[in-house]
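Undergrad: My questions all concern the structure below.
There are 4 protein chains.
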Amino acid sequence: MSNKLIEVEALARRLREFASDRDWQQFHSPKNLAMALTGEIGELVEIFQWMSEGESKHAGTSERTAPAVREELADVTLYLVRLADVLGVDLNAAVAEKLRVNATKYPVDAARGSARKYNDLERG
Amino acid sequence: MSNKLIEVEALARRLREFASDRDWQQFHSPKNLAMALTGEIGELVEIFQWMSEGESKHAGTSERTAPAVREELADVTLYLVRLADVLGVDLNAAVAEKLRVNATKYPVDAARGSARKYNDLERG
Amino acid sequence: MSNKLIEVEALARRLREFASDRDWQQFHSPKNLAMALTGEIGELVEIFQWMSEGESKHAGTSERTAPAVREELADVTLYLVRLADVLGVDLNAAVAEKLRVNATKYPVDAARGSARKYNDLERG
Amino acid sequence: MSNKLIEVEALARRLREFASDRDWQQFHSPKNLAMALTGEIGELVEIFQWMSEGESKHAGTSERTAPAVREELADVTLYLVRLADVLGVDLNAAVAEKLRVNATKYPVDAARGSARKYNDLERG
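Residue numbers (the numbering used here), protein chains in the order written: chain A, 102 to 225; chain B, 102 to 225; chain C, 102 to 225; chain D, 102 to 225.
What follows is the structure, encoded as structure tokens:
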């Protein structure tokens, strides 16, 4: 069993092969992959755009929307893992580092229930 | 050792606790988290926007840009895993399903070296 | 008085000069400007991400958020107009054309009050 | 003739009527419209994602890509103008204000030919 927060190496390897088999590495610069990731986020966001917050909570299980939700989440994941791979970034280490920063920056007592504090976090 | 392509449960659990400790679940509707993910993608894309494709290949290792690259990739990962968690979506299963679709849709011989074919994939 | 739906030429000219004076045309490929536009959208979306829909209706007039709303809307507008300009696209003509398509596609009676119909529009 | 940098009121009025005729104002909160704008940006970015910068310069005139470029630029414009309208923001005033800020912040001599300076502008 792994001690990691996330483990993406098997997927990264699979995507490397997939690209290599099709001679697609030439298109996979970080710049291009960041754009492709943007496109997929756009498709994900479209699912939720006219829903209320309450409705969005059922989007992952509702028969009408779940297939699209799964597909777009998968697409975002594929491009994110591929992008980190071509950049040579260890996603697990990057995530662990960011969690440490967030824990220090947002002590439980000061941040409790406050969207404003929370928002500040994102500017950090 | 896991047979999974990706393993995100430890991170999902950590983010659940982080939100719960701060009473932030109230802000974490899928609709809101999809927007937060958009914001992080925007920050990631900004890193690459004035770089050439060639320059972008060194962005993950160059001293000047690597810290920002790691931080923004981490932020995207945190929100993606949190979003999948509140939606009740198994990211590994969703990814495996999408890879099967892509493999069928883009046979090696037909897709080789073609950005146009590749592009079609994204519309699938 | 103009018969146009929108008129952006004075701004386009100003942005051309601004870029030219600073020798920034070299960075203003459509690919790069589309990425810059993404970054600005990210900053705009961040303003609304933790707001309820009701709260978001006051974001343009509330003292706390109005300056940021105006600034991010301006930034999106600047990059959009600059992007259309370097692409040689007449925004007013493009908008007029799209409005005609939408009017035909979404007859008043069939579309009334339906988010689903509305959503289909975006896929068109 | 107008002294404005941009003039969008005729389009804003048209979009108001279009929404009102279909009883779509209920979906048009700023939060929702910001998400819809994200989706359209995603579609715009997809056009350029596998192009080189050089290729992207012809995307607005090339027969193969020009119709999609015009359509996605139009969609972004529609949602941007609609969003500013429901927020009660005067886009022309917001743009004029931002141009003044940028001119002060980026004096011609200091900014010339520097992507780094330029990049700082976006953080401003």
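C-beta atoms are modelled at their ideal positions from N, C-alpha and C, and glycine is treated no differently.
Keep in mind it's a predicted model, so treat the numbers as computed, not measured.
In terms of alpha-carbon separation, which member of A:Val-109, A:Glu-110 and A:Gln-127 lies closest to Arg-214 (chain B)?
TA: A quick correction: the sequence has Gly, not Arg, at residue 214 (chain B). Checking every option, the nearest Cα to that of Gly-214 (chain B) belongs to A:Gln-127.
Undergrad: Is Glu-173 (chain A) helix, strand or coil when you go by DSSP?
TA: helix
Undergrad: Do Ile-142 (chain A) and Leu-134 (chain B) have their C-beta atoms within less than 8 angstroms of each other?
TA: no
Undergrad: Between the alpha carbons of Ala-58 (chain B) and Ala-194 (chain A), how many angstroms are there, rounded?
TA: With chain B covering 102 to 225 only, the question about residue 58 (chain B) has no answer from this structure.
Undergrad: Give a yes or no on whether the minimum CB-CB distance between Thr-139 (chain B) and chain D is below 8 angstroms.
TA: yes
Undergrad: If we define contact as Cβ-Cβ less than 8 angstroms, is Phe-119 (chain C) a contact residue for chain B?
TA: no
Undergrad: Determine, using beta-carbon pairs with one atom in the region 149-168 of chain D and one in the region 159-177 of chain C, whether at least three such pairs fall under 8 angstroms.
TA: No, because fewer than three Cβ pairs between the region 149-168 of chain D and the region 159-177 of chain C fall closer than 8 angstroms, the two stretches do not touch.
Undergrad: Check whether the Cβ atoms of Asp-176 (chain C) and Lys-199 (chain D) lie closer than 8 angstroms to each other.
TA: yes
Undergrad: With a CB to CB cut of under 8 angstroms and the five nearest residues on each side skipped, what residues in its chain are close to Asn-104 (chain A)?
TA: none
Undergrad: For Gly-161 (chain C) and Glu-154 (chain B), I'd like the C-alpha separation in whole angstroms.
TA: Here the alpha carbons of Glu-154 (chain B) and Gly-161 (chain C) stand approximately 38 angstroms from one another.
Undergrad: Just the Cα atoms here: how many angstroms apart are Ala-111 (chain C) and Val-170 (chain C)?
TA: 23 angstroms
Undergrad: Among residues of its own chain, excluding the 5 on either side of His-252 (chain B), which ones have a beta-carbon nearer than 8 angstroms to its beta-carbon?
TA: Because chain B here runs from 102 to 225, residue 252 (chain B) falls outside it and cannot be looked at.
Undergrad: With a threshold of 8 angstroms between beta-carbons, can Ser-157 (chain D) be considered close to chain C, or not?
TA: yes
Undergrad: Please report the distance separating the alpha-carbon of Ala-211 (chain C) from that of Lys-132 (chain D).
TA: 25 angstroms
Undergrad: The alpha helix (DSSP H) that contains Ala-211 (chain B), what's its start and end?
TA: Its alpha helix (DSSP H) spans residues 209-212.
Undergrad: Tell me the residue span of the alpha helix (DSSP H) that contains Asp-122 (chain D).
TA: 110-122
Undergrad: From what residue to what residue does the alpha helix (DSSP H) around Val-196 (chain D) run?
TA: 192-206
Undergrad: How about Arg-201 (chain A): is its C-beta nearer than 8 angstroms to some C-beta of chain B?
TA: Closer than 8 angstroms: no.
Undergrad: Which of the three DSSP states, helix, strand or coil, is assigned to Ala-160 (chain A)?
TA: coil
Undergrad: Are the C-beta atoms of Lys-105 (chain A) and some chain B residue less than 8 angstroms apart?
TA: yes
Undergrad: Following the continuous alpha helix (DSSP H) through Leu-107 (chain A), name the residue where it begins and the one where it ends.
TA: Here residue 107 (chain A) turns out to be Ile, not Leu, going by the sequence shown. It is not in any alpha helix (DSSP H) - Ile-107 (chain A) carries neither H nor E in the DSSP assignment.
Undergrad: Report all residues from its chain with a CB closer than 8 angstroms to the CB of Glu-173 (chain C); omit the five preceding and five following residues, and keep chain order.
TA: Glu-141, Glu-144, Leu-145 and Ile-148
Undergrad: Please work out which residues of its chain come closer than 7 angstroms, Cβ to Cβ, to Leu-181 (chain B), disregarding the five sequence neighbours upstream and downstream, and give them in chain order.
TA: Leu-138
Undergrad: Output yes or no for whether 8 angstroms exceeds the beta carbon distance between Leu-179 (chain B) and Val-196 (chain A).
TA: yes
Undergrad: Mark Glu-118 (chain C) as exposed unless 16 or more other C-beta atoms lie within 10 angstroms of its C-beta, in which case mark it buried.
TA: exposed
Undergrad: Let's see if you can read the secondary structure: which residues bound the alpha helix (DSSP H) around Gly-143 (chain B)?
TA: 131-149 is the span of the alpha helix (DSSP H), which, as asked, contains Gly-143 (chain B).
Undergrad: For a cutoff of 8 angstroms on Cβ pairs, would you count Glu-144 (chain B) as touching chain C?
TA: Interface annotation, Glu-144 (chain B): in contact with chain C, CB-CB separation under 8 angstroms.
Undergrad: Under a three-way DSSP split, which group does Arg-183 (chain A) fall into?
TA: helix
Undergrad: Of all the options D:Met-136, D:Val-202, D:Val-190 and D:Tyr-207, which has the alpha carbon lying nearest to the alpha carbon of Ala-113 (chain D)?
TA: D:Val-190
Undergrad: Kindly list the residues whose CB is nearer than 7 angstroms to the CB of Val-109 (chain A), restricted to its own chain and excluding five residues on each side of it in sequence; keep chain order.
TA: Val-182 and Leu-192
Undergrad: Assign Thr-178 (chain C) to one of three DSSP states: helix, strand, or coil.
TA: helix
Undergrad: Give the straight-line distance between the Cα atoms of Arg-115 (chain D) and Ala-204 (chain C), rounded to the nearest whole angstrom.
TA: Looking at the two C-alpha atoms, the distance is approximately 11 angstroms.
Undergrad: Taking CB distances under 8 angstroms as the criterion, tell me whether Ser-163 (chain C) reaches chain D.
TA: no
Undergrad: Within this structure, are the beta carbons of Val-209 (chain A) and Arg-123 (chain B) separated by less than 8 angstroms?
TA: yes
Undergrad: Flag Glu-198 (chain A) as yes if its beta-carbon sits less than 8 angstroms from any beta-carbon of chain D, otherwise no.
TA: no
Undergrad: Do we get a CB-CB distance below 8 angstroms when we pair Glu-173 (chain C) with the residues of chain B?
TA: no
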